[in-house]
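To start, the structure itself, in structure tokens.
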Amino acid sequence: MTSPFSLQTRASGLLLHPTSLPGGHGVGDLGPAAHRFAEFLAESGQAWWQMLPIGPADAWGSPYGSSSAFAGNPLLISLDRLAEEGLLAREDASPAAAAPVWRADFARAWRIKEPLIRRAFRAFEARPRSGERGSLEAFLEENAGWLGDFTLFTVLKQRFGASSWADWPPELRSRDHAAIQRAREAHGEEIRFLSFLQYLFFRQWAQLREHCRRKGVGLIGDVPIYVSHESTDVWANPGVFRLDAAGRPEAVAGVPPDYFNSNGQLWGNPLYRWEALRERGYDWWVERLRAAFRFFDATRLDHFIGFTRYWEVPAGAPTAKEGHWREGPGADLFEKLKDALGSLDLIAEDLGAVTEQVFALRDRFGLPGMRVLHFAFDGGEDNMHLPRHHPPRCVVYTGTHDNDTTASWFGKRPPHEREFALRCLEHDGSEIHWAMIRLAFSSPAGIAVAPVQDVLGLGSEARMNHPGTLHGNWAWRLREGELTADLARRLRELTRATGRLGGGAAG
């Protein structure tokens with residue numbers, strides 16, 4: 023699908039993960055609320071809807087710890103859409119009494135949804151072998167390159183519980199051909215159900231994306247540089263990752279100690295065998311981004327600095343202090359990506375321990391970088407996050423999913439930072455969230471994005487993520503009716519006043 027949206031056009035958008043949408047089944051999904059949010063974006067003059075990664079989340083609900091870089095999160099499947107298609111009775115899709123409404127509870131939401139989707143699966147399988155049944159078979163064939171491994175991996179993870187795949191029986195851990203075939207045959211029915219989940223996700227996503235396109239709204243995704251060790255990607259592609267003979271990481275990812283953390287950050291993701299990938303023409307990365315562009319018109323490339331150099335920590339090290347810098351693939355990777363994919367509609371997350379090499383790589387391929395207003399006021403006049411230093415080719419945010427909300431952030435700043443911010447804003451501090459959105463939208467940056475929490479002026483209770491913690495993240499949800507017509511009008515007028523209106527799809 024060729025995208026009519028361009029990161030080169032001055033425009034704006036909002037950041038909201040689909041799990042944060044309202045709805046009656048414990049978590050936001052791709053159903054009516056998602057379509058209504060697209061309509062709110064259009065009414066408020068926004069050209070972009072930015073999301074977090076949309077793959078299956080980990081046990082803590084983090085979309086950055088997914089079991090697949092190619093699959094969709096089945097929690098996002100809409101029961102309402104299944105009822106509209108006759109796969110469920112209307113009463114099956116009615117709001118669940120036990121479902122949390124204002125905070126996502128991923129485990130409970132799946133307990134609500136799974137038996138109903140299995141019921142829909144049985145109804146689907148009972149239909150004649152034509153029409154939709156044929157479209158499922160076509161989907162299976164089109165996605166065979168990753169889907170078979172993903173569904174088998176998921177079944178085996180269910181079978182062996184919480185244990186790492188590196189602890190599975192050797193013949194499954196090493197993907198012995200005969201053992202893999204036996205497992206596929208033994209779990210054929212469950213594998214078909216898991217395939218059906220992905221079919222539903224892809225179909226509902228396509229419906230949402232087409233609705234967004236008709237409204238002039240483009241979708242921005244998020245591709246983490248690293249993947250989880252407990253993922254299909256690592257198990258099915260061991261030659262791509264730095265693993266030992268037992269399938270465990272030889273070294274893991276992290277970031278070095280800095281002013282904020284004397285031990286650095288130990289992320290624990292397996293590192294890539296960049297030399298092996300280079301010999302293969304970076305095929306795994308090509309397919310990964312090709313998959314991302316099936317879902318999105320543009321995507322944020324997380325931890326962009328890791329493509330120039332990355333922090334390697336020996337496996338088993340207690341902290342990231344024991345790590346050292348290694349050279350990344352640099353321009354060689356992006357040349358291959360450009361050759362294979364054409365235009366690179368990527369946003370480079372160029373934050374952190376940035377070097378001139380990072381900027382040079384970003385600029386060589388014409389990628390917009392990122393600027394975050396929450397980082398603009400704790401340095402000097404030369405702080406690159408101050409709007410006066412924003413180049414047109416960048417994306418400015420009030421804050422990201424890792425930041426506190428603007429209302430809460432401002433209240434926690436030391437007095438000298440608040441005073442500096444108010445001077446830059448030429449503002450008295452009332453409705454600080456709108457003042458910061460106005461500052462972002464007034465920036466020279468080509469694209470401006472605000473989290474929905476900032477549009478609503480919410481406090482820290484609405485924060486999406488606290489980096490470095492496992493519990494209590496990713497759970498904030500919109501309340502039904504919070505995005506009012508008055509908010510849409512106010513946002514549209516600001517968008518018009520700052521020259522960002524009309525930045526949606528061409529034609």
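Heads up: the sequence shown runs through residues 23 to 529, numbered per the working numbering. Built from N, CA and C at the ideal position, the CB exists for glycine as well. Remember, it's a predicted structure, so these values are computed and weren't measured experimentally.
Legend entry - Neighbourhood of residue 49 by C-beta, 7 angstroms cutoff - its chain only, sequence neighbours within 5 removed: 41, 97, 126, 128 and 131
Inset, instruction - Within the same chain, show all residues whose beta-carbon is closer than 6 angstroms to that of residue 304, passing over the 5 residues directly before and after it, in chain order. - result: 355 and 358
Legend entry - Extent of the continuous beta strand (DSSP E) to which residue 349 belongs: 346-349
Inset, instruction - Return the first residue and the last residue of the beta strand (DSSP E) that residue 469 is part of. - result: 469-473
Inset, instruction - Assign residue 341 to one of three DSSP states: helix, strand, or coil. - result: coil
Legend entry - Contact check, residue 392 vs residue 420, beta carbons under 7 angstroms: no
Inset, instruction - Enumerate in chain order the residues of its own chain whose CB-to-CB distance from residue 400 is below 6 angstroms, with the five nearest sequence positions on each side excluded. - result: 439
Inset, instruction - May I have the straight-line CA-CA distance separating residue 488 from residue 38, to the nearest angstrom? - result: 16 angstroms
Legend entry - Short Cβ contact (7 angstroms threshold) for residue 360 with residue 368: no
Inset, instruction - State yes or no: is the C-beta of residue 274 within less than 7 angstroms of the C-beta of residue 290? - result: yes
Inset, instruction - Could you check if residue 135 is buried or exposed, using at least 16 other CB atoms within 10 Å of its CB as the buried criterion? - result: buried
Inset, instruction - Determine the direct distance from the alpha carbon of residue 505 to that of residue 395, and round the result to whole angstroms. - result: 23 angstroms
Inset, instruction - To the nearest angstrom, report how far apart residue 117 and residue 94 are at their CA atoms. - result: 23 angstroms
Inset, instruction - Whole angstroms is fine: what's the gap from residue 30's alpha carbon to residue 208's? - result: 51 angstroms
Inset, instruction - Using beta-carbon positions only, say whether residue 99 and residue 222 come within less than 7 angstroms of one another. - result: yes
Inset, instruction - Would you identify the three-state DSSP class for residue 196, choosing helix, strand or coil? - result: coil
Legend entry - Separation of residue 294 from residue 272, as counted between CA atoms: 10 angstroms
Inset, instruction - Compute the beta-carbon to beta-carbon distance between residue 269 and residue 195, rounded to the nearest angstrom, for a pair I have assumed lies under 8 angstroms. - result: 5 angstroms
Inset, instruction - Rounded to whole angstroms, what's the CA-CA distance from residue 483 to residue 302? Just pull it up for me. - result: 46 angstroms
Legend entry - Assumed close pair residue 141, residue 178 - CB separation to whole angstroms, cut-off 8 angstroms: Not really, about 25 angstroms apart at Cβ, beyond 8 angstroms.
Legend entry - Local Cβ density within 10 Å of residue 220, reported as buried at 16 or more and exposed below that: buried
Legend entry - Buried versus exposed call for residue 496 [16 or more other C-beta atoms within 10 Å across all chains shown]: buried
Legend entry - Buried or exposed by the 16-neighbour rule on C-beta atoms within 10 Å, applied to residue 60: buried
Inset, instruction - For residue 154, collect the residues of the same chain with a Cβ closer than 8 angstroms to its Cβ; drop the 5 residues on either side in sequence, then sort them by chain order. - result: 146
Legend entry - Backbone CA spacing between residue 200 and residue 172 [nearest angstrom]: 18 angstroms
Inset, instruction - Can you say whether residue 452 is buried or exposed, counting buried as having 16 or more other CB atoms within 10 angstroms of its CB? - result: exposed
Inset, instruction - Determine contact between the region 374-389 and the region 421-439, defined as no fewer than three beta-carbon pairs at a distance below 8 angstroms. - result: no
Legend entry - residue 379: first and last residue of the uninterrupted alpha helix (DSSP H) it sits in: 378-386
Legend entry - Distance between beta carbons of residue 476 and residue 455, contact taken as under 8 angstroms: 5 angstroms
Legend entry - Beta-carbon proximity of residue 321 to residue 90, cut-off 7 angstroms: no
Inset, instruction - Could you check the C-alpha separation between residue 510 and residue 63 for me, to the nearest Å? - result: 8 angstroms
Inset, instruction - Starting from the Cα of residue 382, find the closest Cα among 330, 513 and 405 and give me that residue. - result: 330
Inset, instruction - Kindly indicate which residue of 66, 51, 34 and 77 has the alpha-carbon position closest to the one of residue 317. - result: 77
Legend entry - Reduced DSSP secondary structure (H/G/I, E/B, other) of residue 418: strand
Legend entry - At least 3 beta-carbon pairs within less than 8 angstroms: the region 210-220 vs the region 244-251: no
Inset, instruction - Select from 87, 263 and 313 the residue whose C-alpha is nearest the C-alpha of residue 165. - result: 313
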